[in-house]
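Asker:
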Amino acid sequence: MASKPPAGDPAQDSPRVTAPKHAAAGIPAVVHSLLISHQQMGARRTAQTLLKVNQKNGFDCPGCAWPEGDHRHTAEFCENGAKAVAEEATLRRVTPEFFAAHSVSSLAGRSGYWLGQQGRLTHPMLLERGTGEDGEDGEDGDHYRPVSWEQAFALIAEELTALDSPDEALFYTSGRTSNEAAFLLQLLAREYGTNNLPDCSNMCHESSGSALVETIGIGKGSVSLEDLHQADLIIVAGQNPGTNHPRMLSALEKAKAAGAKIISVNPLPEAGLERFKNPQTPQGMVKGAALTDLFLRIRIGGDQALFRLLNKLILGTPGAVDAEFVAEHTHGYEEFAAAAEAADWDETLTATGLERSEIEEALALVLASRRTIVCWAMGLTQHKHSVPTIREVVNFLLLRGNIGRPGAGVCPVRGHSNVQGDRTMGIFERPDPAFLDALDKEFGITSPRHHGYDVVRSIEALRDGKAKVFFAMGGNFVAASPDTDVTEAAMRRARLTVHVSTKLNRSHVVTGTRALILPTLGRTDKDFQAGVRQIVTVEDSMGMVHASRGNLAPASPYLLSEPAIVTRLARATLGPASMTPWEDFEKDYANIRDRIARVIPGFEDFNERVARPGGFALPHAPRDERRFPTATGKANFTAAPVEYPKLPEGRLLLQTLRSHDQYNTTIYGLDDRYRGIKGGRRIVLVNPADAAELKLPDGSYTDLVSEWKDGVERRAPGFRVVHYPTARGCAAAYYPETNVLVPLGATADTSNTPTSKSVIVRFERTDGEAA
Ligand SMILES: Nc1nc2c(c(=O)[nH]1)N[C@H]1C(S)=C(S)[C@@H](COP(=O)(O)OP(=O)(O)OC[C@H]3O[C@@H](n4cnc5c(=O)[nH]c(N)nc54)[C@H](O)[C@@H]3O)O[C@H]1N2
Ligand SMILES: Nc1nc2c(c(=O)[nH]1)N[C@H]1C(S)=C(S)[C@@H](COP(=O)(O)OP(=O)(O)OC[C@H]3O[C@@H](n4cnc5c(=O)[nH]c(N)nc54)[C@H](O)[C@@H]3O)O[C@H]1N2
Ligand SMILES: [Mo]
5 MASKPPAGDP AQDSPRVTAP KHAAAGIPAV VHSLLISHQQ MGARRTAQTL
55 LKVNQKNGFD CPGCAWPEGD HRHTAEFCEN GAKAVAEEAT LRRVTPEFFA
105 AHSVSSLAGR SGYWLGQQGR LTHPMLLERG TGEDGEDGED GDHYRPVSWE
155 QAFALIAEEL TALDSPDEAL FYTSGRTSNE AAFLLQLLAR EYGTNNLPDC
205 SNMCHESSGS ALVETIGIGK GSVSLEDLHQ ADLIIVAGQN PGTNHPRMLS
255 ALEKAKAAGA KIISVNPLPE AGLERFKNPQ TPQGMVKGAA LTDLFLRIRI
305 GGDQALFRLL NKLILGTPGA VDAEFVAEHT HGYEEFAAAA EAADWDETLT
355 ATGLERSEIE EALALVLASR RTIVCWAMGL TQHKHSVPTI REVVNFLLLR
405 GNIGRPGAGV CPVRGHSNVQ GDRTMGIFER PDPAFLDALD KEFGITSPRH
455 HGYDVVRSIE ALRDGKAKVF FAMGGNFVAA SPDTDVTEAA MRRARLTVHV
505 STKLNRSHVV TGTRALILPT LGRTDKDFQA GVRQIVTVED SMGMVHASRG
555 NLAPASPYLL SEPAIVTRLA RATLGPASMT PWEDFEKDYA NIRDRIARVI
605 PGFEDFNERV ARPGGFALPH APRDERRFPT ATGKANFTAA PVEYPKLPEG
655 RLLLQTLRSH DQYNTTIYGL DDRYRGIKGG RRIVLVNPAD AAELKLPDGS
705 YTDLVSEWKD GVERRAPGFR VVHYPTARGC AAAYYPETNV LVPLGATADT
755 SNTPTSKSVI VRFERTDGEA A
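Residue numbers for the sequence shown, in my numbering: 5 to 775.
(1) In whole angstroms, what is the alpha-carbon distance linking Thr636 and Thr334?
(2) If you drop the 5 nearest sequence neighbours on each side, which residues of the same chain put their C-beta closer than 6 Å to that of Ser178?
(3) How many angstroms separate the CA atom of Thr506 from the CA atom of Asp64?
(4) With hydrogens ignored, establish whether the beta-carbon of Pro271 is closer than 7 Å to any heavy atom of ligand 1.
(5) Measuring straight from C-alpha to C-alpha, what distance separates Pro283 and Val57?
(6) If I'm right that Ile569 touches Met129 with Cβ under 8 Å, what's the distance once you round it to whole angstroms?
(7) Look at the alpha carbon of Pro649 and the alpha carbon of His209, and state the distance between them as a whole number of angstroms.
(8) In whole angstroms, give me the CA-to-CA distance for Asp441 and Gln190.
(9) Taking the beta carbon of Thr730 as the centre, do at least 16 other beta carbons fall within 10 Å, making it buried, or is it exposed?
(10) Based on the DSSP output, what are the partners of Cys415 in its beta bridges?
(11) So, are the CB atoms of Val549 and Asp592 less than 8 Å apart?
(12) Please return the same chain residues whose Cβ sits closer than 7 Å to the Cβ of Val459, not counting the five positions on each side in sequence.
(13) Hey, Tyr705 and Arg724: beta-carbon distance below 8 Å or not?
(14) Using a 10 Å radius around the Cβ and a threshold of 16 neighbouring Cβ atoms, would you call Glu328 buried or exposed?
(15) Shorter than 7 Å, the distance from the beta carbon of Tyr457 to the closest heavy atom of ligand 2, or not?
(16) Give me whichever residues DSSP pairs with Lys281 in a beta bridge.
(17) If you draw a straight line from the alpha carbon of Arg467 to that of Glu92, how long is it in whole angstroms?
(18) Just to confirm, is the Cβ distance from Val514 to Arg496 under 8 Å?
(19) Taking 7 Å as the limit between beta carbons, can you name the residues of its chain near Ala105, skipping five residues before and five after?
(20) So if I measure from each beta-carbon to every heavy atom of ligand 3 and keep distances below 6 Å, which residues remain?
(21) The alpha helix (DSSP H) spanning Ser120 covers which residue range?
(22) If you draw a straight line from the alpha carbon of Gly419 to that of Leu661, how long is it in whole angstroms?
(23) Any heavy atom of ligand 1 within a distance shorter than 7 Å of the CB on His106?
(24) Which of the three DSSP states is assigned to Leu174 in this structure?
(25) Comparing the CB of Asn762 with every heavy atom of ligand 2, is any distance shorter than 7 Å?
(26) Which runs of the alpha helix (DSSP H) at least 4 residues long sit entirely within the region 325 to 384? Give them in chain order.
(27) Would you decide whether His26 is buried or exposed? Buried here means 16 or more other CB atoms lie within 10 Å of its CB.
(28) Looking at the structure shown, is Arg20 part of a helix, part of a strand, or coil, going by DSSP?
(29) Counting C-beta neighbours from all protein chains within 10 Å, is the total for Gln155 16 or more, i.e. buried, or is it exposed?
(30) Between Phe589 and Ile600, is the Cβ-Cβ spacing less than 8 Å?
(31) Would you say the beta carbon of Val513 comes nearer than 7 Å to a heavy atom of ligand 2?
(32) Of the choices Gly292, Leu708, Ala161 and Ala173, whose alpha-carbon is the least far from that of Leu689?
(33) Tell me which same chain residues have a C-beta within less than 8 Å of the C-beta of Glu492, skipping the five on either side of it?
(34) Tell me the DSSP secondary structure of Cys204 in three-state form.
(35) Is any heavy atom of ligand 1 found at a distance shorter than 7 Å from the C-beta of Asn183?
(36) How far does the alpha helix (DSSP H) with Leu403 in it extend, from its first residue to its last?
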């Protein structure tokens, strides 16, 4: 008998399992997207939105940060984008009547999937939890009730001004926020007096930023879409583009057609990387193109060891090193070369779980390539040793001069559609002093210079009573953060929690003493200010900035745009003493862009240049001129010791990843089509050989228990075991159900990113048999 998972969707109790797929996209992707779109928005709106995604006069797709490219199809089709749009453009509504009918405690018993399915938020809502001791108070204190925008801003301002220090406030940003709203939010935070600007990036690509700034001088990728098309070799490590960046598959297909080779490095065989059925071409729809030439089924966390050994092998091959580039443009070569020489075959084979012949095959492809790109995402960024791992990737590229020339470079593939832009706009708890100097000069303010809290430190501050007001510009902080129980308890200690949101989520029901939901316009919505249609701007994963213009009637007349919410909050909080023209910013976002142009390098003539179709590219010194703005003035080789996870007997290393039917904490459905999972999310993928040793037959049920040095038991109950060809020693289960297992203290060195891809777990069978 299977144990019941905690309260949620009944459907989650009964996942069904079929054979995994070996190709991505194709007809099923189109059918599936149209089905979801139709359910959420009906026929007319489906046509209205899907035709406008990523078109030059349309809105930027909220699906991911992959760039658009120049030759757009009438409907640049992508299942991920279609689902993201349907989720936002839904005709379902969460009204004040909904909140009158559902208490917060009853909503807290619902799954994230159920909450999200209720529709778009329509009114600003206030919750006053009260003390809970008084019966009457408790009754009222369990329901959100409508509140006017004026009251809402007055209440936040009152709480903010009552704090002992501005550092008791936290301003979180999720990466969908536009450049304009992000710039205003960080300006508000700094004028108010804090650098507490945690963002989703802290849990995402922070390790990439940390590694790249130190080694090449800029925390962004160095390739354009054109470079991908021209590469000889593309290594995709720790990324599942078939699900998370489907439009990337078109670029890989194009590269392949021009002769490129592809190596995929992943503990899981991922369907999208095996074969891509391009829905844009008739032949692609049916047959598809094979993408991966070499699949390295690496053990979780083995990447640093792999790249280190490849580097040693390159060093040992006469003529393989680009000596001219190394001499002219790099620093630290000797020390790095000595460290690489020490790399050991046996240790590497243990760390990676690979065969010698596989690594030799990879080396042959590397040596045959004159232009190499390495792409990566969360499979490289969410481990304890993520920063040294990514630095080793940089070493690998530097050795053969693969940075700063066509067809070559680093390609961290971002997640949220504007997460890179938000950072460019100054959403960062450790801002560059030069940025603050420019901001201060422009606005006549004095920004604090001491660093603020990132996501993990924000949770600790809430837990320890050091932070008391939490304001979120989008996202779902409670569900996306690690150590769910700790995070939820921390959030409940806050005096006030505020969420600017489009859809209902768990962060609205696990709140501070008082809580506000501020409903806002999404990407797809028309935004009029003072009678004039506004655009916002975003920056994609390759540093291209372009405009986004929504085309749908907003979900309710009470919605305010994100820039309007920040400007009104700023006026309520900072009062007439603020010299910043907040009202002008609200009236016309072009006024915000004028200021961005004066503060942030690369945005000169912002309004003019963003009006051009397709927008413009931000400067990137290593890519554009092989200039490396690091401390040494050169690209830095680094020589960290090799690390890889070591597991106690009877344990596996669990990675927490995305299914095909989710967008982070937003669950679109209960299937994971490419992996053959249907109708449920509480599953754990285990290699059959490991499963045999651990006595975990396919279809058995188990609790996942996380083991961490603090000795606290973290448990996620009721997972169905699925035998799956993942690397030995590894397991995989979906986020956010497994976030409860990720200890708050388990973070990457330097970047402080939670180690969501390396959680040591043991299994406790719950169906009567011992594991
Ligand atoms: N549909 C959809 N699209 C999305 C999102 C979504 O949730 N849904 N989220 C967006 C966001 S915010 C982000 S950051 C991106 C995330 O995009 P991805 O990083 O592709 O997302 P994950 O599902 O976390 O997948 C991690 C991949 O890394 C592999 N991996 C895990 N550990 C290791 C390791 O140690 N080494 C190697 N080499 N590989 C490893 C996993 O098997 C998996 O293939 O996608 C964005 N796009
Ligand atoms: N265990 C584990 N944890 C992880 C990860 C993992 O791989 N494993 N991945 C991490 C990563 S990469 C990321 S990026 C974070 C994501 O963390 P977040 O960005 O905080 O989470 P999302 O689920 O993307 O946020 C969804 C919510 O955003 C709101 N929203 C959507 N569109 C808009 C909009 O246009 N405006 C506003 N104001 N709100 C909007 C909706 O209310 C929706 O419910 O999670 C991290 N957490
Ligand atoms: Mo992300």
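All residues carry an ideal CB built from backbone N, CA and C; glycine is no exception. Bear in mind that the values here come from a model prediction, so they are computed numbers and not experimental data.
Answerer: Judging by the given coordinates:
(1) Stepping through the sequence shown from its first residue, residue 636 is reached at position 632. Stepping through the sequence shown from its first residue, residue 334 is reached at position 330. Between Thr636 and Thr334, the C-alpha separation is close to 9 Å.
(2) In the sequence shown, counting from the first residue as 1, residue 178 sits at position 174. Sequence-distant Cβ neighbours of Ser178 in its own chain, meaning closer than 6 Å and more than five residues away, are Cys204, Gly478 and Gly479.
(3) Numbered from its first residue, the sequence shown carries residue 506 at position 502. Numbered from its first residue, the sequence shown carries residue 64 at position 60. Using only the alpha carbons, I get a separation of about 16 Å.
(4) Your numbering for residue 271 matches position 267 in the sequence shown. Under cutoff, so the answer is yes.
(5) The residue you call residue 283 lines up with position 279 of the sequence shown. The residue you call residue 57 lines up with position 53 of the sequence shown. Looking at the two C-alpha atoms, the distance is approximately 16 Å.
(6) Position 565 of the sequence shown, counted from the first residue, corresponds to residue 569. Position 125 of the sequence shown, counted from the first residue, corresponds to residue 129. About 14 Å; that fails the 8 Å criterion.
(7) Mapped onto the sequence shown, residue 649 falls at position 645. Mapped onto the sequence shown, residue 209 falls at position 205. If you draw a straight line from the Cα of Pro649 to the Cα of His209, it comes to about 20 Å.
(8) By one-based count along the sequence shown, residue 441 stands at place 437. By one-based count along the sequence shown, residue 190 stands at place 186. So the alpha carbons of these two residues sit roughly 14 Å apart.
(9) Residue numbering aside, residue 730 sits at position 726 when the sequence shown is read from its first letter. Buried is the call here.
(10) Here residue 415 refers to the residue found at position 411 of the sequence shown. Residue pairing for Cys415: DSSP places it in a beta bridge opposite Cys379.
(11) Along the sequence shown, read from residue 1 onward, the residue named residue 549 stands at position 545. Along the sequence shown, read from residue 1 onward, the residue named residue 592 stands at position 588. No, the pair does not count as a contact, with Cβ atoms beyond the cut-off.
(12) Along the sequence shown, one-based indexing puts residue 459 at 455. Counting only Cβ-Cβ distances below 7 Å, and skipping sequence neighbours, we find Pro202, Asn206, Met207 and Ser485.
(13) As a working note, residue 705 is residue 701 in the sequence shown. As a working note, residue 724 is residue 720 in the sequence shown. Cβ distance < 8 Å, so Tyr705 and Arg724 count as in contact.
(14) On the sequence shown, residue 328 is found 324 positions in, with the first residue counted as 1. Its Cβ having fewer than 16 others within 10 Å, Glu328 is exposed.
(15) Taking the first residue of the sequence shown as position 1, residue 457 is located at position 453. No, ligand 2 has no heavy atom inside 7 Å of this Cβ.
(16) Taking the first residue of the sequence shown as position 1, residue 281 is located at position 277. In the DSSP assignment, the residues bridged to Lys281 are Ala29.
(17) Counted from its first residue, the sequence shown places residue 467 at position 463. Counted from its first residue, the sequence shown places residue 92 at position 88. Going by the C-alpha atoms only, they are around 33 Å apart.
(18) The residue given as residue 514 occupies position 510 in the sequence shown. The residue given as residue 496 occupies position 492 in the sequence shown. At the C-beta level, Val514 and Arg496 come within 8 Å of one another.
(19) Here residue 105 is taken as the residue at index 101 of the sequence shown, counted from 1. Nothing meets the Cβ criterion.
(20) Cys204, Cys208, Gly419 and His420
(21) By 1-based counting over the sequence shown, the position of residue 120 is 116. Residue identity differs from the one stated: residue 120 is Gly in this sequence, not Ser. Gly116 to Gln121 is the span of the alpha helix (DSSP H), which, as asked, contains Gly120.
(22) If you number the sequence shown from 1, residue 419 lands on position 415. If you number the sequence shown from 1, residue 661 lands on position 657. Straight-line Cα distance between these residues: approximately 13 Å.
(23) In the sequence shown, residue 106 corresponds to position 102, counting from 1. No, the beta carbon of His106 sits no closer than 7 Å to any heavy atom of ligand 1.
(24) Position 170 of the sequence shown holds residue 174. Strand.
(25) Along the sequence shown, one-based indexing puts residue 762 at 758. The sequence as given places Ser at residue 762; Asn does not occur at that position. No.
(26) 327 to 333, 337 to 345, 349 to 356 and 360 to 372
(27) What you label residue 26 is simply residue 22 of the sequence shown in a count that begins at 1. His26 is exposed by the Cβ-count criterion.
(28) In the sequence shown, residue 20 corresponds to position 16, counting from 1. It is a strand residue.
(29) Within the sequence shown, numbered from 1, the residue matching residue 155 stands at position 151. Its Cβ having fewer than 16 others within 10 Å, Gln155 is exposed.
(30) Within the sequence shown, numbered from 1, the residue matching residue 589 stands at position 585. Within the sequence shown, numbered from 1, the residue matching residue 600 stands at position 596. Contact: no.
(31) To locate residue 513, count along the sequence shown from 1; it is residue 509. Flag unset: Cβ of Val513 not near ligand 2.
(32) The residue you call residue 689 lines up with position 685 of the sequence shown. Closest by alpha carbon: Leu708.
(33) Your numbering for residue 492 matches position 488 in the sequence shown. Closer than 8 Å at the Cβ level, and outside the excluded window around Glu492, lie Val482 and Val514.
(34) In the sequence shown, counting from the first residue as 1, residue 204 sits at position 200. Helix at Cys204.
(35) In the sequence shown, the residue the question calls residue 183 occupies position 179. Checking the Cβ of Asn183 against ligand 1 gives no.
(36) For the purposes of this step, residue 403 is identified with residue 399 of the sequence shown, where counting begins at 1. Leu403 -> alpha helix (DSSP H) spans Ser390 to Leu403.
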